[in-house]
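2 protein chains.
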Amino acid sequence: MTNQPKYQRRKEDRPQEIADAAFKTFAEKGYAATRIDDVAKRAGISKGLTYLYFKTKEDLFKAVVKNVVVRRVDSLIGNVESTELSSEEFLRGPLLDFMKKVPGSPIAIVIRLLISEGPRHPDLVNYYYDNVVARGLAAIRQFVARGVERGEFRREALEHQPHLFLAPMMLSMIWRLVFTDKPLDTDQLMESQIELLLAEMKA
Amino acid sequence: MTNQPKYQRRKEDRPQEIADAAFKTFAEKGYAATRIDDVAKRAGISKGLTYLYFKTKEDLFKAVVKNVVVRRVDSLIGNVESTELSSEEFLRGPLLDFMKKVPGSPIAIVIRLLISEGPRHPDLVNYYYDNVVARGLAAIRQFVARGVERGEFRREALEHQPHLFLAPMMLSMIWRLVFTDKPLDTDQLMESQIELLLAEMKA
DNA sequence: ATACTTAATGACTAAGGAGTCAGCAAGTAA
DNA sequence: TTACTTGCTGACTCCTTAGTCATTAAGTAT
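Residue numbers (this note's numbering), protein chains in the order written: chain U, 1 to 203; chain S, 1001 to 1203.
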């Protein structure tokens, strides 16, 4: 009968582990229905320990959202800014790929949480806007502008807000969040929209 | 000193009054954060009375959602089906007007609630899908098909899912729910999309 | 007036869950 | 081995709130 320790001390890893467990639980149950006890169980620790690393439930929530955002967005938006593709190739390629990925990614979960809990956490909303939405829109705007400069697109192309590129992505996301069992070819939707916009911009 | 009664008995009106108060409270706070006591106060009654008309909080929630849906959707979708306009006029006129109204209407609130609480109320999601989404999509599809029959649109126009018409409406709704203070010309967005699609379908 | 029905009240119960903290034991150093 | 620090536990407190129910009083009929 070996003397197995009841637990290991792992000060360094705990915060991330707790955040991961919390994200999964928030994703499944939403903020209000999530019990700290569940998060702790999932992380394999006691409830009390959660409070050593996060002062309150709200604290944990905010940390989790920011954590997901920074971990994902940099890689997704970042590589977009350093491409050598033509504007058209970029819109059809990397941008489309990016958009296809989002509805099934943790970003979609974060958006669900922001829709539900946003009004009670305005600073979180602002954080998300600055770090995700504003950057994403700027990236698209930049590529359209570059296309105009190079003569690929008409001048009026800029009239088409970048939001129009993202609209089908938004619908796909919500659709999949709410109507999980109703099929919808969301990839097709986004492809069509890109072609629609490209046709307009080039015409 | 007149003998004012403490309350009036109004069996007939109570359910609707409670439902209205509940809708407002759910809209402000979300399902979990709404206390039955708040709803009762808002409706000007005692908490106990709520339970005379609605068995549980969940019951009340479902009743409220269905109540809003049936009251709004019939008028919005209904008149759409009996128009004499050409397909193109219809898409530019009544459909566009409808779409412009939705993001600021109670329907948007219901969608927020469905996004947050949907997973825990699958029958509600199905109800909403059947009565709103399916009917809305069918209406658009029908008008595009009619346009094709009449030779207004190309055959391939049908490839463009009705979802594409609704995508900017979806984005506008979410935008306004989450980023209430960030301006966005959502009407312009929807107009552009309609024009984009019409151009494609006629080309 | 009087008796009766039931809409409506509000105090109460029970349960659940956020946050606390005294004590325990894993790791560390001498 | 012993003394010490601190990551970690889990039982506890306290508050909130869904749901109940004995009681009250508004409306009605006779």
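Note that CB positions come from ideal geometry on N, CA and C, so glycine has one too. Bear in mind the structure is a predicted one, so any value in this text is a computation, not a measurement.
Listed along chain S, the residues sitting closer than 7 Å to residue 192(U) by beta-carbon distance are 1160 and 1164.
For residue 65(U), no CB of chain S lies under 8 Å from its own CB, so it is not counted at the interface with that chain. Within the same chain, and ignoring the five residues on either side of residue 104(U) in sequence, the residues whose Cβ sits closer than 8 Å to its Cβ are 176.
Here residue 1182(S) carries a coil assignment [DSSP, helix/strand/coil].
Put simply, the stretch 39 to 58 of chain U does not touch the stretch 1032 to 1050 of chain S. Fewer than three CB pairs are less than 8 Å apart. Within the stretch 1034 to 1103 of chain S, the runs of alpha helix (DSSP H) at least 4 residues long that lie entirely inside it are, in chain order, 1036 to 1043, 1047 to 1053, 1057 to 1078, 1087 to 1090 and 1096 to 1101.
In terms of Cβ geometry, residue 1118(S) and residue 1125(S) form a close pair [threshold 8 Å]. Burial state of residue 52(U) is exposed, judged by a 10 Å Cβ sphere holding fewer than 16 other Cβ atoms. Distance between residue 1057(S) and residue 1122(S), taken at the CA atoms: about 16 Å.
Contact annotation: the stretch 155 to 163 of chain U touches the stretch 125 to 145 of chain U, with at least three C-beta pairs closer than 8 Å. Under a criterion of Cβ atoms nearer than 8 Å, the residues of chain S adjacent to residue 179(U) are, in order, 1125, 1129 and 1133. Within a 10 Å sphere around the beta-carbon of residue 128(U) sit 16 or more other beta-carbons, which makes this residue buried. Contacts between residue 1118(S) and chain U, judged by CB atoms closer than 8 Å, involve 177 and 178 in chain order.
Against chain U, a Cβ distance below 7 Å from residue 1112(S) picks out 115.
A direct Cα-to-Cα measurement between residue 48(U) and residue 22(U) gives close to 14 Å. Residue-level contact by beta carbon holds for residue 168(U) and chain S, with a gap shorter than 8 Å. In terms of beta-carbon proximity, residue 60(U) stays away from the interface with chain S, with every pair separated by 8 Å or more. Under the three-state reduction of DSSP output, residue 1127(S) falls in the helix class. Boundaries of the alpha helix (DSSP H) harbouring residue 26(U): 14 to 29, taken from the DSSP string.
Contact annotation, residue 203(U) with residue 154(U): C-beta distance approximately 7 Å; criterion of less than 8 Å satisfied. If you draw a straight line from the Cα of residue 54(U) to the Cα of residue 17(U), it comes to about 12 Å. Excluding residues up to 5 positions away in sequence, 105, 106 and 107 lie with their Cβ nearer than 8 Å to the Cβ of residue 72(U) in the same chain.
Neighbours of residue 182(U) in chain S, taken as residues at a C-beta separation under 7 Å, are given in chain order as 1129. Looking at the backbone, the Cα of residue 1012(S) and that of residue 1030(S) are separated by about 27 Å. Apart from sequence neighbours up to five positions away, the residues of its chain that approach residue 1194(S) with a beta-carbon distance below 8 Å are 1091, 1092, 1095, 1096 and 1165, ordered along the chain. In this structure, residue 1170(S) lies near residue 174(U), with their beta-carbon atoms less than 8 Å apart.
Contact annotation: in the stretch 1030 to 1063 of chain S, residues whose CB is within less than 9 Å of a CB in chain U are 1030, 1031, 1032 and 1033.
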